[in-house]
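Below: one structure, written as structure tokens.
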Amino acid sequence: MSPRAPVPTPAAEDGISLSSRRYANYVLGIFFALTALNVMDRQVLSLLIEPIKREFQVSDAAMGLLSGTSFTLLHVLAALPVSRWADLRNRRNLITAGLLAWSALTAATGLARSYLQIFVARVGVGIGETVGSGPTQSLISDYFPPERRAAALSVLGSGGVVGSMLAFALGSLIAEAYGWRLTFLAFGLPGIALALLLWCTVREPVRGAVEGLVDSRQNESLGDCLRFLLGLPAFRHIALAGGLNAFANYTLLTWAQPFLMRSHDLSIAQAGLTLAFAMSASSMLGLWASGFAGDRLGRRDPRWYCLLPAVASTLSVPLVLAFLFSPTLEAAIAFLVPAAFVNTMWLGNFNAVIQGLAKPRMRAVASALNVAVNSGVGLGLGPVAVGLLSDHLEPSLGTDSLRYAMAFAILGALWASLHALLAARTLREDLAAKER
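The numbering used here applies: residue 55 is where the sequence shown begins, and numbers increase by one.
The following block contains the structure:
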């Protein structure tokens, strides 16, 4: 089927026809690329911390605000109204507009002449990137039935791993050769081309059709959506578990490059390439393995969508601590590879649960609410908390201050495991609530 063809009506016997599966996989590929650009444009700042810090003479705390809080400041506030619009209107159009906006602002960041101008540009990027979570996950969930959804959302999430790898690898090389300003320009331009391809080839799917749900078009208010979702114990615990996992993960992603540069004397390019190759394949394999394993185990008992991430989050803590406190670079990387594998295993399974708990015209809001918690706790608090703690410890610990500050943040993964286990207790009952 040509990508421009209409989305076929799902077949009753297997949820979706063969031709529709091919088109669904094509759409997943487009949004895989969108997710990669989403994370590239978000992550690029973390690998440019050192040169920006030197140029504008600011502290670790200020860079923590720039890399985390500036992005989440309006990202969290805009996520719910943007996603509610997506639940009621054409998601494809909204996503295209958001992609164009954040790409243009990423490129414009390279023109900034002050710390404040970068801060304002990053706020704009955060608003634009709201379409990369709730509306995107909602649209993909209407292309894949529940028994294949965790795998599809894990593949979607692995686009973020590719984006992170490209940010570290290409971004570090561009920054070392041409400076941080041209790095932002190079990262912003590809999104414009992808937006055109998305607009021309992706069609809006019928809501709920792949799982046999009837879209009555009786649109609840945003308040009704929030009351329904927050009334589900499993939803609350999954959102909190995701936020705490994000707190640990964003800390590692944001500060790993400065850590390698300070503690192991690597250049910006050496640190970026080391992280790209040490983390990318391992993180992607972890996402894919957990998504397919979650779907396979979840057919027998949906609680596995929570139990599998709980185990993985617990395992991540000693592995990340070993990475931080290894005496040599070789030993540190040896622990970072398995840490990256388990660090991402919560993402696809949690997103599948969030989509499964929501009614068809609540899915973008459900995802946005979940992402708001993830971003608010993870990206909004994680990097700046580590920056503040590092500044506080620096007089007594010197360059080791960042090592100990990062060690504190990874403990959030243990707390996340507890909430995942609590979500599993009521998951089966809460999944049935949308039928009532």
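Heads up, the beta-carbon is just placed ideally off N, CA and C, and yes, glycines get one too. The structure displayed is predicted, hence computed values, not measured ones.
Check: Roughly how many whole angstroms lie between the Cα atoms of Arg145 and Ala486?; Outcome: 26 angstroms
Check: What is the DSSP secondary structure of Arg261, counted as helix, strand or coil?; Outcome: coil
Check: Label Gln111 either buried or exposed according to how many other C-beta atoms from any shown protein chain fall within 10 Å of its C-beta, with 16 as the threshold for buried.; Outcome: exposed
Check: Return the CA-CA distance between Ala459 and Leu306, expressed in angstroms with no decimal places.; Outcome: 11 angstroms
Check: Just list the alpha helix (DSSP H) runs in the stretch 355 to 415, keeping only unbroken ones of 4 residues or longer that don't cross its boundaries, in chain order.; Outcome: 358 to 379, 383 to 397, 401 to 411
Check: Looking only at C-alpha atoms, which of Val179, Phe173, Leu433, Arg143 sits nearest to Ala158?; Outcome: Val179
Check: Could you compute how far the alpha carbon of Asp319 sits from the alpha carbon of Arg138?; Outcome: 47 angstroms
Check: For Gln191 versus Ser421, is the C-beta distance shorter than 8 angstroms?; Outcome: yes
Check: The alpha helix (DSSP H) with Thr480 in it runs from where to where?; Outcome: 466 to 485
Check: Does the stretch 115 to 129 come within contact of the stretch 339 to 354, defined as at least 3 CB pairs closer than 8 angstroms?; Outcome: no
Check: For Thr398, does the count of other Cβ atoms within 10 angstroms reach 16, so buried, or fall short, so exposed?; Outcome: buried
Check: Across the stretch 285 to 305 and the stretch 429 to 445, are there enough close Cβ pairs to call them in contact, namely three or more that are closer than 8 angstroms?; Outcome: yes
Check: Could you check whether Ser226 and Leu378 sit closer than 8 angstroms to each other, using their CB atoms as the reference points?; Outcome: no
Check: Provide the residue span of the alpha helix (DSSP H) that contains Pro312, from first to last.; Outcome: 287 to 317
Check: What's the gap between the Cα of Ile408 and the Cα of Asp114?; Outcome: 35 angstroms
Check: Compute the Euclidean distance between the alpha carbons of Leu284 and Leu423, then round it to the nearest angstrom.; Outcome: 9 angstroms
Check: Along the chain, where does the alpha helix (DSSP H) containing Ala559 start, and where does it finish?; Outcome: Any answer about residue 559 is impossible in this case: the structure gives the chain only from 55 up to 490.
Check: Classify Arg417 as buried or exposed, calling it buried when 16 or more other Cβ atoms lie within 10 Å of its own Cβ.; Outcome: buried
Check: Using 8 angstroms as the cut-off, can you tell me whether the stretch 236 to 251 makes contact with the stretch 161 to 171, which would need three or more C-beta pairs spanning the two stretches below that distance?; Outcome: yes
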